[in-house]
Every structure is written in C-alpha cells, then in structure tokens.
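Below you'll find the structure, written out as structure tokens, and then a few comments.
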Amino acid sequence: MADPLLSVEDLKIHFFTFRGVAKAVDGVSFDVQRGEALGLVGESGSGKSVSGMAVLKLVQPPGKVVNGDIRYNGKSLLALSEKEMQEVRGSKISMIFQNPRTCLNPVMSLGDQIDRVYQRHTGCRASEAQKRRLEILSRVGIGDPVRFSNNYPHQVSGGMCQRAMIVMAMVCEPELMIADEPTTGLDVTIQRQIMELMAEMRKKMNQTQILITHDLGVVAETCHRIVVMYASRVMEIAPTRDLFKNPLHPYTSGLLNSIPRVDIAEQPVPLPGYVPNAFKRPTGCPFHPRCSKADDRCLAEQPELKTVSAGRMVACHFLET
C-alpha cells in the first residue's frame with residue numbers, strides 16, 4: 023500500500039481541569055490514504071471531534087496533546103510552529119465545523135468571509151477573490167451567487183450557511199478536508215444535498231476526506247473505510263462494506279443493531295449502559311461494562327488494536343490471532 027496522506031500515531035489528548043484530567047483521546051492510531059473518504063464514527067464523547075481538531079492543531083487549553091504524532095505527507099504537524107500551521111490550515115487541510123452559524127462572522131457578509139479566506143492564502147487581489155468565489159458558489163449549486171454573497175449569516179437558512187462553510191473550506195482546493203458533523207441540525211433533504219456535494223467535490227478535486235459523525239447511515243453511503251471510536255480509543259477499523267456485513271467488535275455490532283432498518287423485521291436493540299466518564303475511564307477494555315462477552319481479562323487488560331485480516335483491525339481480546 024502507498025504511503026498514507028495522513029497518519030495519526032498513538033495520539034493522546036488530555037484536558038487538565040479543576041475536576042481532574044479528562045482523557046479525551048487515549049492512544050488513537052489510524053491512516054488516511056490519498057483520495058479516500060474515511061469515516062470517524064462513535065457516540066458523543068468518543069473523542070472523534072477532538073481527534074479531528076488535533077490534526078489542525080486547534081486543541082486549546084485546558085486541552086493538550088500529551089503523546090503521539092500526526093504526520094501529513096510524512097511531515098509532523100505537531101512539530102510545526104503556529105505560523106507554519108497557518109500556511110497549512112485552509113490551503114492544504116481544511117475543516118467544516120459543526121453548527122455553521124456559530125462559526126460564521128455575524129457582522130460580515132458571506133461573500134466577504136469567503137473572499138478573506140482565499141486572499142489570506144493566495145495573496146490575490148480583491149477582484150480575483152470575487153471571481154473565484156462566484157465560480158465556487160456556482161459549482162456548489164447556488165443559483166444566484168451574487169445575491170447569496172451579499173447576505174449575512176442570519177439572512178439565510180441553516181443549509182445555506184453550511185454551503186457557505188463548505189465553500190470557505192473548498193475555495194483553496196485543499197488536499198485534505200475534515201468534516202465534523204456537517205449535516206447536524208439539517209432536514210434530511212438538505213443533508214443529502216450536502217453529502218452529495220461533498221462527494222462531488224472529492225471526485226472533481228481528487229480530494230481526501232475525513233467525515234466525523236455518529237450517523238452510520240451517512241458513512242455507509244459516502245466512505246470507503248470506517249474507524250469506530252469508543253471512550254477515547256479506536257475499537258475497529260474496516261472497509262465500509264465489510265464492517266456493515268460482518269462487524270467484529272462487540273461495540274460495532276451493538277451500534278449496528280441499535281439502528282432501525284427497513285429491510286429486516288426485528289426491532290432495533292439499544293446499547294445498554296452509557297459511555298464512561300472521561301475523567302474516570304474503566305480499567306481494561308473501555309467497553310467491558312456494556313459488553314455481554316466481557317470476562318476477567320477484559321476487566322484487567324486493555325486490548326491492543328491488531329490486524330485480524332486484510333484491511334481489518336480490531337481491539338478485542340476475543341479476536342486476537
């Protein structure tokens with residue numbers, strides 16, 4: 023296999039608070055190949071969003087990367103200075119954040135915000151930025167780019183705000199795009215439009231994408247591979263089709279069984295229990311309090327993420343070869 027575009031290696035991120043140390047990410051490792059769409063899935067509190075933020079060095083105090091490395095094109099991102107990272111963000115790696123209304127500047131028009139991103143990374147004139155903006159807006163299906171550009175965030179719908187965020191992230195044609203819950207709060211019709219737009223951009227620009235979500239239905243349609251996270255750790259990595267056809271980790275099986283489906287008569291079975299507190303993770307396997315297969319070894323010993331077959335990795339004592 024060719025060298026990956028992005029490698030996350032034994033990443034640990036802790037938040038140092040008055041309540042104690044919260045282990046938001048605890049030894050996470052995965053690769054992203056060039057041109058692929060990788061899904062990062064899990065329940066709330068699994069550490070998937072913080073992992074995405076760490077790629078762009080956006081983890082702020084009291085959070086801190088305490089171990090591991092993140093390599094982009096073979097170069098450590100964590101070793102770069104803030105000035106060097108500013109040249110990476112937006113131009114080489116971009117991110118679409120949750121809740122676009124909170125990320126957009128309420129006192130600037132959407133057009134001005136898009137132009138500033140492009141000018142910041144290219145140093146072009148205002149007229150060139152405007153031309154580029156109108157071109158990209160047309161490509162993402164905005165019927166009247168000029169009118170759209172003159173609007174402020176509060177004057178457009180949530181779906182249109184999300185399109186503006188996507189345009190800001192796409193305008194410099196970054197090699198890697200990270201989308202953190204890009205369809206949160208949108209109706210199903212707009213959700214599909216947004217996901218189709220991202221898929222189209224990936225194909226046209228030969229872009230690599232990381233999709234962070236709790237929605238397995240979304241990753242089933244859009245991603246080549248899936249990384250399943252739980253309680254700050256990676257439980258399973260597999261090609262999308264293989265994971266849905268034959269989930270190997272008990273947590274992955276539980277997630278899939280909890281989703282309503284139209285092709286089977288059985289009722290969905292909710293996962294018992296709750297995600298453990300980040301300040302006090304259980305010993306051994308983090309999933310053992312909710313796992314029907316757990317034994318004494320699961321309570322005492324943390325399983326390592328190991329390859330069990332071609333393209334598949336699982337962190338479970340029952341699947342060790």
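To convert a position in the sequence shown, counted from 1, into the working numbering, add 22. Cβ coordinates follow ideal geometry from the N, Cα and C atoms, glycine included.
Residue i, DSSP secondary structure in three states
| i | result |
| --- | --- |
| Gln120 | coil |
| Gln231 | strand |
| Phe309 | coil |
| Ile369 | Since the first residue shown for the chain is 23 and the last is 343, residue 369 is missing from the structure and cannot be characterised. |
| Leu102 | coil |
| Thr211 | helix |
| Pro204 | coil |
| Leu327 | coil |
| Phe170 | helix |
| Gly239 | helix |
| Pro272 | helix |
| Met199 | strand |
| Asp25 | coil |
| Ile136 | helix |
| Leu126 | coil |
| His143 | helix |
| Arg334 | strand |
| Lys34 | strand |
| Ser280 | coil |
| Ser363 | Lying before the first or after the last residue shown, residue 363 is absent from the chain, which here runs from 23 to 343. |
| Ala253 | coil |
| Ala300 | coil |
| Ala316 | coil |
| Ile259 | strand |
Distance between residue j and residue i (C-alpha atoms, nearest Å)
| i | j | result |
| --- | --- | --- |
| Ile92 | Val110 | 13 Å |
| Pro308 | Lys114 | 35 Å |
| Cys320 | Met251 | 17 Å |
| Thr343 | Val81 | Residue confidence is low: Thr343 scores 49 on pLDDT, short of 50, so the model does not pin down where it sits. Its coordinate-derived value is still stated next. In a straight line, the C-alpha of Thr343 is about 37 Å away from that of Val81. |
| Ala337 | Leu159 | 43 Å |
| Ile281 | Val291 | 8 Å |
| Leu208 | Glu218 | 14 Å |
| Gly165 | Val297 | 44 Å |
| Cys146 | Ile136 | 13 Å |
| Asn299 | His36 | 13 Å |
| Val249 | Gly57 | 16 Å |
| Asn172 | Asp237 | 33 Å |
| Gly67 | Thr211 | 27 Å |
| Pro294 | Glu106 | 46 Å |
| Arg303 | Ser73 | 18 Å |
| Asn121 | Asp318 | 42 Å |
| Leu99 | Ala191 | 19 Å |
| Gly347 | Val139 | Absent from the structure is residue 347, since the part of the chain shown begins at 23 and ends at 343. |
| Glu157 | Val63 | 33 Å |
| Leu198 | Lys226 | 13 Å |
| Met187 | Val168 | 16 Å |
| Ser314 | Arg185 | 43 Å |
Distance between beta carbons of residue j and residue i, contact taken as under 8 Å
| i | j | result |
| --- | --- | --- |
| Ala221 | Arg334 | Ala221 to Arg334, Cβ: 24 Å. No contact. |
| Val162 | Val193 | Between Val193 and Val162 the Cβ distance is about 10 Å, and since that is not below 8 Å, they are no contact. |
| Cys245 | Thr230 | Contact doesn't hold; Cβ gap of about 12 Å is too wide. |
| Val216 | Thr205 | The sequence shown places Ile at residue 216, not Val. About 5 Å; that satisfies the 8 Å criterion. |
| Leu126 | Pro175 | 4 Å |
| Ala59 | Arg224 | 6 Å |
Contact under 7 Å by Cβ, residue i with residue j
| i | j | result |
| --- | --- | --- |
| Ile200 | Met130 | no |
| Ser254 | Val88 | no |
| Val30 | Phe52 | yes |
| Arg247 | Cys183 | no |
| Ile234 | Lys70 | yes |
| Val241 | Gly61 | yes |
| Phe119 | Asp25 | no |
| Leu33 | Val54 | no |
| Gly180 | His143 | no |
| Phe38 | Pro84 | yes |
| Leu270 | Leu341 | yes |
| Phe301 | Ala44 | yes |
Cutoff 7 Å: residue i Cβ touching any chain B Cβ
| i | result |
| --- | --- |
| Asp166 | Here there is only one protein chain, and chain B is not present. |
Residue i: CB within 6 Å of a non-hydrogen atom of the ligand FAD
| i | result |
| --- | --- |
| Glu323 | Absence of the ligand FAD is noted for the structure shown, with no ligands found whatsoever. |
Please go through the stretch 54-113 and give each complete alpha helix (DSSP H) segment of 4 or more residues, from N-terminal end onward. As for any alpha helix (DSSP H) of minimum length 4 sitting wholly inside the stretch 54-113, the runs are 70-77 and 104-110, ordered along the chain.
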